[in-house]
Amino acid sequence: MDLSGKSYKAYLERREALKKQYSPKQAEKQHKKGKLTAHERINRLFDPGTFEEIDTFVTPADQPVEFGKVERTFGDGVIVGHGKVNGRLVFAYAQDFTIMGGSLGVVHSRKIAKIQEMALKMGSPIIGIMDSGGARIQDGVASLSGYASIFHNIIQSSGIIPQISVIMGPAAGGAVYSPALTDFVFMVNHTSYMFVTGPNVVREVLNEDVTFEDLGGAEIHAIKSGVAHMIYDDEENTILALKKFLSYLPSNNVENPPFVPEDGTVQDVCEKLRDIVPDDPNKAYDVKDVIQLVVDRNSFFETAELFAPNLVTGLARLKGRTIGIVANQPKVLAGVLDIDSSTKGARFIRFCDAFNIPILTFEDVPGFLPGAEQEHRGIIRHGAKLLFAYSEATVPKITIILRKAYGGAFIVMNSKNLGGDFSFAWPTAEIAVMGPEGAVAILYRKELAESKNPAELKKELVKKYRDKIANPFIADELGYIDEVIDPAVTRKKILSALNALSNKWVKVPNRKHGNMPL
Amino acid sequence: MNDKLHISRLFALSSDNRKYSFSVPLKNKIRIGKRDYTVQLKSDDKYGTYILWKNRRYPLEVVRSRQNKYEILFNDISYIFTVETPFSLQRMKVINTRKGKPGLASVKAPMPGKLLDVLVREGAPILRGEPLVILEAMKMQNEIQSPVNGTILKIHARPNTNVMKDDVLVEIKAD
Amino acid sequence: MKIRKILIANRGEIAVRIMKTAKKMKILTVAVRTAAEPDAMYLSFADEIYDNTDDNSEIPVFLDIEKIIAIALKTGADALHPGYGFLAENAYFAQKCLDNKIIFIGPSPDAIYKMGNKTIARKLAIQNGIPLAMGSEGNIGDEEEALTVAEKIGYPVIIKAASGGGGRGMRIVRDPSEMIKMFPIARREAEKAFKDPSVFIEKYIENPKHIEFQILGDKKGNIIHLGERECSIQRKHQKLLEEAPSCALDNALRKKMGNMAVRIARAVKYYSAGTVEFLLDSDKNFYFMEMNTRIQVEHPVTELVTGIDLIEKQIRIAGGESLNLKQEDIRIKGWAIECRINAEDVQSGFAPSPGRIEKMSMPDYPCVRVDTGVREGSVIVANYDSMIAKLIISGKDRKEAITRCKMALDKVWIKGAKTTLPFFRLLVRNQNFQNGNFTTAFIEKDLDQYYYNSEYEEMLAAWLATKLFIEENLQSNSINVDFSDGKEMSPWLLNKRINQF
Chain A
3 MDLSGKSYKA
13 YLERREALKK
23 QYSPKQAEKQ
33 HKKGKLTAHE
43 RINRLFDPGT
53 FEEIDTFVTP
63 ADQPVEFGKV
73 ERTFGDGVIV
83 GHGKVNGRLV
93 FAYAQDFTIM
103 GGSLGVVHSR
113 KIAKIQEMAL
123 KMGSPIIGIM
133 DSGGARIQDG
143 VASLSGYASI
153 FHNIIQSSGI
163 IPQISVIMGP
173 AAGGAVYSPA
183 LTDFVFMVNH
193 TSYMFVTGPN
203 VVREVLNEDV
213 TFEDLGGAEI
223 HAIKSGVAHM
233 IYDDEENTIL
243 ALKKFLSYLP
253 SNNVENPPFV
263 PEDGTVQDVC
273 EKLRDIVPDD
283 PNKAYDVKDV
293 IQLVVDRNSF
303 FETAELFAPN
313 LVTGLARLKG
323 RTIGIVANQP
333 KVLAGVLDID
343 SSTKGARFIR
353 FCDAFNIPIL
363 TFEDVPGFLP
373 GAEQEHRGII
383 RHGAKLLFAY
393 SEATVPKITI
403 ILRKAYGGAF
413 IVMNSKNLGG
423 DFSFAWPTAE
433 IAVMGPEGAV
443 AILYRKELAE
453 SKNPAELKKE
463 LVKKYRDKIA
473 NPFIADELGY
483 IDEVIDPAVT
493 RKKILSALNA
503 LSNKWVKVPN
513 RKHGNMPL
Chain B
7 MNDKLHISRL
17 FALSSDNRKY
27 SFSVPLKNKI
37 RIGKRDYTVQ
47 LKSDDKYGTY
57 ILWKNRRYPL
67 EVVRSRQNKY
77 EILFNDISYI
87 FTVETPFSLQ
97 RMKVINTRKG
107 KPGLASVKAP
117 MPGKLLDVLV
127 REGAPILRGE
137 PLVILEAMKM
147 QNEIQSPVNG
157 TILKIHARPN
167 TNVMKDDVLV
177 EIKAD
Chain C
966 MKIRKILIAN
976 RGEIAVRIMK
986 TAKKMKILTV
996 AVRTAAEPDA
1006 MYLSFADEIY
1016 DNTDDNSEIP
1026 VFLDIEKIIA
1036 IALKTGADAL
1046 HPGYGFLAEN
1056 AYFAQKCLDN
1066 KIIFIGPSPD
1076 AIYKMGNKTI
1086 ARKLAIQNGI
1096 PLAMGSEGNI
1106 GDEEEALTVA
1116 EKIGYPVIIK
1126 AASGGGGRGM
1136 RIVRDPSEMI
1146 KMFPIARREA
1156 EKAFKDPSVF
1166 IEKYIENPKH
1176 IEFQILGDKK
1186 GNIIHLGERE
1196 CSIQRKHQKL
1206 LEEAPSCALD
1216 NALRKKMGNM
1226 AVRIARAVKY
1236 YSAGTVEFLL
1246 DSDKNFYFME
1256 MNTRIQVEHP
1266 VTELVTGIDL
1276 IEKQIRIAGG
1286 ESLNLKQEDI
1296 RIKGWAIECR
1306 INAEDVQSGF
1316 APSPGRIEKM
1326 SMPDYPCVRV
1336 DTGVREGSVI
1346 VANYDSMIAK
1356 LIISGKDRKE
1366 AITRCKMALD
1376 KVWIKGAKTT
1386 LPFFRLLVRN
1396 QNFQNGNFTT
1406 AFIEKDLDQY
1416 YYNSEYEEML
1426 AAWLATKLFI
1436 EENLQSNSIN
1446 VDFSDGKEMS
1456 PWLLNKRINQ
1466 F
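Protein chains in written order, with this note's numbering: chain A, 3 to 520; chain B, 7 to 181; chain C, 966 to 1466.
Next comes the structure, spelled out in structure tokens:
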């Protein structure tokens, strides 16, 4: 085709100008910071040649009041569009730090809002890649309202389409609430930050010196605040992981999660499982060893790995079908439930429930963490979230009791009368109102006080309690669990349970929404 | 398939910073001097998984992998690698120069208890998530894990001693 | 009295080793099944198994004197072999066996007691003119006495527990200020480890060789030695590699040391197999250290160079037979090296590395003997020692034995636990080791790294890491997703789901 005609001249000039705007020199600026450009990020995310950018040539809004300079650039610092990720339609926006620091102007925000609305209409996942200095000061209140409409769109789409945020630069001020509202937040170590107020303001207001990294770096958010769910050391690994993560998720809340053929062989009967729980009930083990042996080979994708590691959450596959896993981790704090692990678990369960992902629970929990600190910070309120989330979820729910299942924690961790569909216990399970030591101390207080050799008596009583009460067989006989199973057949049992539950439907009472104890 | 990522070369970086470069797609031949030698990853009933190289079998096991980090037990020796792309390697340099001197991480006891075992020694390299000490608290043995990748600088923990909450157990020089 | 049935009061490779010889001698054996390892390999070598898996006691049954005696009586065993470790050197236990008319395959309780108490053993050595490192005459009561004695002997000195052994409770002291610090610690340690706080002081020999002599004696007073073993390759007093003979000894010295070994054994009317340990300094002065009144882990190297089955001799002697061997009948032929392949992590200071042995195959050559109690599927448990196998190699001389050892090490295939193999691969390549130029301080002083890997091994591991990365990230299943599958669901579910929204 000949594009030399007069009418094409303007078209070609604009194309040329765009090319210049995204020159290698511009890219070099990002690379020098160890960051990729917005285009490079998009290209790595989408299947080659499938990404279609829209609103490429929009320009920034006119300023109501002249204050500071606004570069007249194309696109207003954000790339939006759609394409295929591993063959499936996905919408995305990526902020471009090389253009006015990726600041969110009016047009910038409209572009994002537009792509959000499209994603919701099509029932497709949306990815936001953030690298922005924040609201564009020059655009004033208009940019703030831009944020508001972005937030509103996220909330409207919440639970309907998966929304994932990837933080690849700064996200400060109001901007942080956009990722916070989405389902999962990915961050990149050393080059991404999130905070409501930056170190400079902290210094002015509180006279406190804190670095970007310590205030809102990826590690802080992954370990301490729980804001970031997944962190990686570089951007390419982040995008690779994001693509992998997407393969577990359905496009929307009507569909079921996608199917991925199993690779390699995981035996349905695995004798190694018999060796994992140690004979000594006080010895720890890694619950992830159990998970790895039950799910499809290499299919476990842990979420929020570093936050509240006493509860393990993550997505995995069983015979190619996505399941959500919630597991107490005996290796960390004995797998006790505390505030952080309760909220982590609750949010994960609600995500699974929204997107038709069955929930598999591995239980080995000594109870809730005792102490004034936890009580005063509201372990009651936060523990209730986990309880609420489990009970409210209507997806198939299966529990495997590996070892300890004591007291309130037993109830909370998806017990049958809370709405769990199937509950299996390993022979190593201990189901009771409280642990042996506690029970003995209460029931035999007098005898222990009067005994000549209280330590010996206590040991004896503890053993008796373990043999007679803290075992799975009483619960089995009373029907509070479905079956005591050989650990080796765990995968087989779960598969047949999932099979039986594949058409599960629960009519939820009509209401606006429940009142979760937030 | 690999052109999706524009990756034509990958680097395996050992824990003491030796760099091995491989072209992508990965060949099963490695050039030593002027000759190519075939390396094969195999598995059978008698030997399990192994690498066949120059007519010799080497036992191997993937001890753990996390993101792009791999701990591999090869012929009874553990190796830790991170697999880097050309860009991530460049990025690593940028970040290392910016970071300046490596940070110190001190691992504190998360709760009062009794130390049962110290699993590391001073000077040893450590990966995030690897166990450092076993702390018995609340009648349970807890693994206290390394919060960072780095090297063990100092061990304050002694087996069979009691510790208070927030006692420093191990100091780690972060990478 | 002919022995008919032996209870093996032990586990692991030594249990297997004893049962093999018993089978050859057509003697029945009884093994004990424990809860800690109910499927252990040694059980499959026994004619009869006593099931003790119900025993929940925290003390291993092999340390429980009453229980072991009861098992022997219940199973009708007329003899008992204690192996090494556990109750092998417990005089009370040996007496208890005799009291119950069970033949204890080992020396007399009296010999065990006397040699077990270091103070008595030292006195006996002095009485019999055996060279000893200078030391206190008896136990030391307090710091003051310790200081005086140490001053007399000259620093450095070593504080040892009177009831100790195996390196526990030993403290090297280099000056008086250290003595004040260490003495109470040593006593406390001795108290804790052996329930006996008595300690004594000896001259500390710097960087000696550890040479030991194998002794055989019968109940009629015939005592001979079977030559020496070189056990200097040790770490924190744990032996890792032993050989027979030792390149540090010539015939004259061998004869001299051997005679001394026999003499000390005679002092306690020793019968059965035993070992007399000496330290040999760089000027070829030797000092009596202790006598071990049991079969040793490293006994196979002696068997290979003498052609004598030590377990068989133990059993025959226990049954009252004469030794039927004179000193001049003993000929040392060739060279033997034993490598202890333990489940230990040489990269973190030989820390135990327990695990399930998933694959295991051992070199099958006439020059290689493998003593093991572990097979595929066995679990190396933390309760017991970390030994997987002993690899024993023989050759016509030391050079050939080392060369063969190098080859054999590359043929050992163990998966499931980290082992000491890389350490031995390093050792057989070490110039000083090859030249026989090493002492007990060798590992700490001569080696800056405890393992060997060929220059290509790290590269191959790197290749593997890269391959895994590519498989997981660039070719993983996440690329093979069937998204359409999620859209197909039963009308039942689809209808209800849509209606709800």
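Even for Gly, the Cβ is constructed at its ideal location relative to N, Cα and C. As the structure is a prediction and not an experimental result, all values here were calculated from the model.
Please identify the residue among the options whose C-alpha is closest to the C-alpha of residue i.
{"i": "A:P332", "options": "A:L122, A:A12, A:V314", "result": "A:V314"}
{"i": "A:F309", "options": "A:N284, A:V109, A:T345, A:E485", "result": "A:T345"}
{"i": "C:E1309", "options": "C:I1353, C:D1294, C:W1300, C:Y1330", "result": "C:I1353"}
{"i": "C:N1250", "options": "C:A1213, C:D1019, C:K1376, C:A1086", "result": "C:A1213"}
{"i": "A:M124", "options": "A:P252, A:F424, A:G36, A:N312", "result": "A:P252"}
{"i": "C:P1387", "options": "C:E1154, C:I1091, C:L1205", "result": "C:L1205"}
{"i": "A:Y446", "options": "A:Y467, A:A434, A:A391", "result": "A:Y467"}
{"i": "A:N416", "options": "A:F364, A:E375, A:E432, A:N255", "result": "A:F364"}
{"i": "C:I1189", "options": "C:D1140, C:G1239, C:A1037, C:E1207", "result": "C:G1239"}
Mind checking if residue i is an interface residue toward chain B, Cβ cutoff 9 Å exclusive?
{"i": "C:A1316", "result": "yes"}
{"i": "C:D1450", "result": "no"}
{"i": "C:A1427", "result": "yes"}
{"i": "A:L2", "result": "Nothing about residue 2 of chain A can be read from this structure; chain A reaches only from 3 to 520."}
Short of 8 Å in beta carbon distance, which residues of its chain neighbour residue i, apart from the five on each side in sequence? Order them along the chain.
{"i": "B:D9", "result": "Only weak support is given to the placement of B:D9: the predicted model assigns it a pLDDT of 38, under 50, and the question is left unresolved by the model."}
{"i": "B:S20", "result": "Y26, Y85, I86, F87"}
Tell me which residues share the same chain as residue i and place their Cβ nearer than 6 Å to its Cβ, disregarding the 5 neighbours each side in the sequence.
{"i": "C:E1108", "result": "I1145, F1148"}
{"i": "C:L993", "result": "K970, D1012"}
{"i": "A:D478", "result": "V486"}
With DSSP as the reference, label residue i as helix, strand or coil.
{"i": "A:V289", "result": "helix"}
{"i": "A:M189", "result": "strand"}
{"i": "C:G1285", "result": "coil"}
{"i": "A:K514", "result": "coil"}
{"i": "C:N1104", "result": "coil"}
{"i": "B:K10", "result": "With a pLDDT of 46 at B:K10, under the threshold of 50, the modelled position of this residue cannot be trusted; read the value that follows with caution. Looking at B:K10 - three-state DSSP - the assignment turns out to be helix."}
{"i": "B:D172", "result": "coil"}
{"i": "C:S1237", "result": "strand"}
Kindly indicate if chain C contains any beta-carbon less than 9 Å away from that of residue i.
{"i": "A:K466", "result": "no"}
{"i": "B:N8", "result": "Here B:N8 scores only 36 on pLDDT, less than 50, and its place in the model is too uncertain to base an answer on."}
{"i": "B:N23", "result": "no"}
{"i": "B:V30", "result": "yes"}
{"i": "A:N501", "result": "no"}
{"i": "B:S20", "result": "yes"}
Is there a Cβ of chain A sitting closer than 9 Å to that of residue i, yes or no?
{"i": "C:W1457", "result": "yes"}
Can you give me the Cβ contacts of residue i inside the same chain, cut-off strictly under 7 Å, excluding the 5 residues immediately before and after it?
{"i": "B:M7", "result": "Caution applies to B:M7, whose pLDDT of 32 falls short of 50 and renders its modelled position unreliable; the value that the coordinates give is listed next. For B:M7, where only same-chain residues beyond five positions count, there are no Cβ hits under 7 Å."}
*the segment 41 to 51 of chain B / the segment 1424 to 1432 of chain C touching (three or more Cβ pairs under 8 Å)*: Short answer: they touch.
*Contact between the segment 255 to 273 of chain A and the segment 475 to 492 of chain A: three or more CB pairs below 8 Å?*
Three or more Cβ pairs drawn from the segment 255 to 273 of chain A and the segment 475 to 492 of chain A lie within less than 8 Å of each other, which places the two stretches in contact.
*Are the segment 158 to 171 of chain B and the segment 106 to 120 of chain B touching by the rule of at least three beta carbon pairs closer than 8 Å?*
Counting Cβ pairs under 8 Å, three or more are found: they touch.
*Examine the Cβ distances between the segment 1293 to 1300 of chain C and the segment 1254 to 1272 of chain C and report whether three or more of them are shorter than 8 Å.*
A contact between stretches requires three or more CB pairs, one per stretch, nearer than 8 Å, and the segment 1293 to 1300 of chain C meets this requirement with the segment 1254 to 1272 of chain C.
*asked:* Within 8 Å, do at least three Cβ pairs link the segment 1370 to 1389 of chain C to the segment 1325 to 1333 of chain C?
replied: Yes, the segment 1325 to 1333 of chain C is in contact with the segment 1370 to 1389 of chain C.
*Quick check: the segment 1217 to 1233 of chain C against the segment 1175 to 1194 of chain C, are there 3 or more CB pairs under 8 Å?*
Yes: at least three Cβ pairs fall under 8 Å.
*Below 8 Å, can you find three or more Cβ-Cβ pairs linking the segment 313 to 328 of chain A to the segment 146 to 163 of chain A?*
Counting C-beta pairs with one atom in each stretch, the segment 313 to 328 of chain A and the segment 146 to 163 of chain A have fewer than three that are closer than 8 Å, which means they do not touch.
*Hey, is the segment 86 to 99 of chain A in contact with the segment 129 to 145 of chain A, meaning 3+ C-beta pairs nearer than 8 Å?*
The segment 86 to 99 of chain A vs the segment 129 to 145 of chain A: in contact.
*asked:* Assess contact between the segment 325 to 342 of chain A and the segment 289 to 302 of chain A, defined as three or more Cβ pairs (one per stretch) separated by less than 8 Å. Is contact present?
replied: Yes: the two stretches touch, three or more of their Cβ pairs being nearer than 8 Å.
*Counting Cβ pairs, one atom from each stretch, are 3 or more of them under 8 Å apart for the segment 68 to 76 of chain B and the segment 506 to 515 of chain A?*
In this structure the segment 68 to 76 of chain B does not touch the segment 506 to 515 of chain A; the number of beta carbon pairs closer than 8 Å is below three.
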